[in-house]
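Heads up: the structure comes next, in structure tokens.
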Amino acid sequence: MYPSRFHYEAPRSLDEAFGVLQAYGDEAKVLAGGQSLIPLIKLRFSAPAVIVDINNIPGLDYHDEDTDGSLDIGALCRHRTLERSPLLRSRHPTMSRCAPLIADPMVRSRGTLVGSLCHADPQGDWASVMLALGGEIIARSARGERAIPVSQFVIGPFQNSLQVGEIAVRARVPAPRGTRSGTYLKLERRVGDFATVGVAVALETSGATINRAGIALTGVGSNNIQCTAAEQALAGKTLNPSTIEQAAALAAEAAQPKSDVRGSAEYKRHIVYTFVARALGNRQAMAA
Ligand SMILES: Cc1cc2nc3c(=O)[nH]c(=O)nc-3n(C[C@H](O)[C@H](O)[C@H](O)COP(=O)(O)OP(=O)(O)OC[C@H]3O[C@@H](n4cnc5c(N)ncnc54)[C@H](O)[C@@H]3O)c2cc1C
Numbered sequence: 113m114y115p116s117r118f119h120y121e122a123p124r125s126l127d128e129a130f131g132v133l134q135a136y137g138d139e140a141k142v143l144a145g146g147q148s149l150i151p152l153i154k155l156r157f158s159a160p161a162v163i164v165d166i167n168n169i170p171g172l173d174y175h176d177e178d179t180d181g182s183l184d185i186g187a188l189c190r191h192r193t194l195e196r197s198p199l200l201r202s203r204h205p206t207m208s209r210c211a212p213l214i215a216d217p218m219v220r221s222r223g224t225l226v227g228s229l230c231h232a233d234p235q236g237d238w239a240s241v242m243l244a245l246g247g248e249i250i251a252r253s254a255r256g257e258r259a260i261p262v263s264q265f266v267i268g269p270f271q272n273s274l275q276v277g278e279i280a281v282r283a284r285v286p287a288p289r290g291t292r293s294g295t296y297l298k299l300e301r302r303v304g305d306f307a308t309v310g311v312a313v314a315l316e317t318s319g320a321t322i323n324r325a326g327i328a329l330t331g332v333g334s335n336n337i338q339c340t341a342a343e344q345a346l347a348g349k350t351l352n353p354s355t356i357e358q359a360a361a362l363a364a365e366a367a368q369p370k371s372d373v374r375g376s377a378e379y380k381r382h383i384v385y386t387f388v389a390r391a392l393g394n395r396q397a398m399a400a
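Take any residue in the sequence shown, note its place counting from 1, add 112, and you have its number in the working numbering.
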């Protein structure tokens, strides 16, 4: 199907982009990697009057760590860059294990982590990773900049909390309290598919003690689900068969799966339990 007619703008600076967004209000849509927006437009599920392509704006395609250990991911940093990143491989294991599991190489070469968070697909993998890591989105507009925790950024299926005129300029992962470890486990029907179930686990530890635990789920609810009770059950504890079993059971309880072509609700809940227990039970596989 052909998309409906739209006006195309390709600003060369953020200020220019803010001007266009201001002029067109909620008639305008930002285009980053286009891997979700273009299919939606072609299927006519979305019909923006104006597309604001941010790909010509310099300074948005980066990911780097601050001296305090926090990580910034610019709005044009592609999945593929994150998949290949030595920085992620050595210091951000939950992210580096998730990146190669997103879609296929073609989608990964264009799509962006920030675009994925903005798109807020309940089956998007990055939102779970960012929830587990306590990440936030930095939104900027002509009015200034604000930080929004990912838990408050994704507010519904395909809904984010950006205001009219705002662009998500980067995502931010806070510095860990201690040593970071973690993983992302994804059950998919075939390579490149969206998740039947995805589980993000992120731990921050001092020795054997867990300072902070992050666990979040993909594909088993109307949004990515943060497993707060499971996280709290692990905080201040050490990993042993009893704490692992308790966290896995609480995560399975937090899931809200629906039966569909990918599997029954019961099966998906069981996979959540199994993945959380498997991740926590294999510290070696979670190490950076
Ligand atoms: C075949 C296929 C398979 C896929 N499989 C997976 C998968 O397994 N797992 C997964 O997680 N994803 C998957 N995706 C989605 C993919 O990860 C997309 O790249 C991602 O969802 C959107 O990123 P994008 O940069 O392409 O955003 P775009 O398509 O450009 O934009 C998506 C939405 O976010 C908004 N937006 C984007 N960037 C910004 C910004 N900086 N500020 C404000 N608004 C913004 C747009 O206006 C639009 O509404 C798949 C996509 C395809 C086509």
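Each residue gets a CB set at the ideal place from its N, CA and C atoms; glycine is no exception.
query: If you measure between the beta carbons of V162 and L143, is that distance less than 8 Å?; result: no
query: Could you check if D216 is buried or exposed, using at least 16 other CB atoms within 10 Å of its CB as the buried criterion?; result: exposed
query: Alpha helix (DSSP H) containing I153: first to last residue?; result: L149 to K154
query: Return the chain-ordered list of same chain residues with a C-beta closer than 7 Å to the C-beta of R209, the five sequence neighbours on each side being excluded.; result: T295 and Y296
query: Should C230 and L194 be called a contact, given that it needs their Cβ atoms to be closer than 8 Å?; result: no
query: Could you check if M207 is buried or exposed, using at least 16 other CB atoms within 10 Å of its CB as the buried criterion?; result: buried
query: Please tell me whether M218 and K154 are closer than 8 Å, where the distance is taken between their beta carbons.; result: no
query: What span of residues does the beta strand (DSSP E) with S208 cover, start to end?; result: Careful: S208 lies outside any beta strand (DSSP E), inside the alpha helix (DSSP H) at P205 to C210.
query: Pull up the distance between the alpha-carbon of P160 and that of I150, whole angstroms please.; result: 11 Å
query: Hey, would you say A366 sits closer than 8 Å to A341, going by beta carbons?; result: yes
query: Taking the beta strand (DSSP E) that R292 belongs to, which residues open and close that run?; result: T291 to L299
query: Near A377, which residues of its chain fall below 7 Å by C-beta distance, leaving aside the five closest residues on each side in sequence?; result: P369, K370 and S371
query: Would you mind working out which of Q271, R374 and A399 sits nearest R301, comparing C-alpha positions?; result: R374
query: Using only CA atoms, which one of A259, S354 and S116 lies nearest to S158?; result: S116
query: What residue from R203, I166 and L126 has the CA that sits closest to Y120's CA?; result: I166
query: Taking DSSP's pairing of strands, which residues face H175 in a bridge?; result: I185
query: Ignoring anything shorter than 3 residues or poking outside the region 260-329, list the beta strand (DSSP E) runs there in chain order.; result: 266-268, 279-285, 291-299 and 309-318
query: Classify S318: buried if its beta carbon has 16 or more other beta carbons within 10 angstroms, exposed otherwise.; result: exposed
query: Report the rounded CA-to-CA distance for W238 versus A211, giving the unit in angstroms.; result: 8 Å
query: What is the DSSP secondary structure of S221, counted as helix, strand or coil?; result: helix
query: V313: which of H191, Q134, I185 and A400 sits nearest, CA to CA?; result: A400
query: Cα-Cα, which of Y379, G131 and S228 is closest to A254?; result: G131
query: Which residues in the same chain have their Cβ closer than 8 Å to the Cβ of I322, if we skip the five residues on either side of it in sequence?; result: L315, E316, L346, A347, G348, K349, T350 and L351
query: Mapping the DSSP letters down to three states, classify K380 as helix, strand or coil.; result: helix
query: Closer than 7 Å: is that where the CB of K154 sits relative to any heavy atom of ligand 1?; result: no
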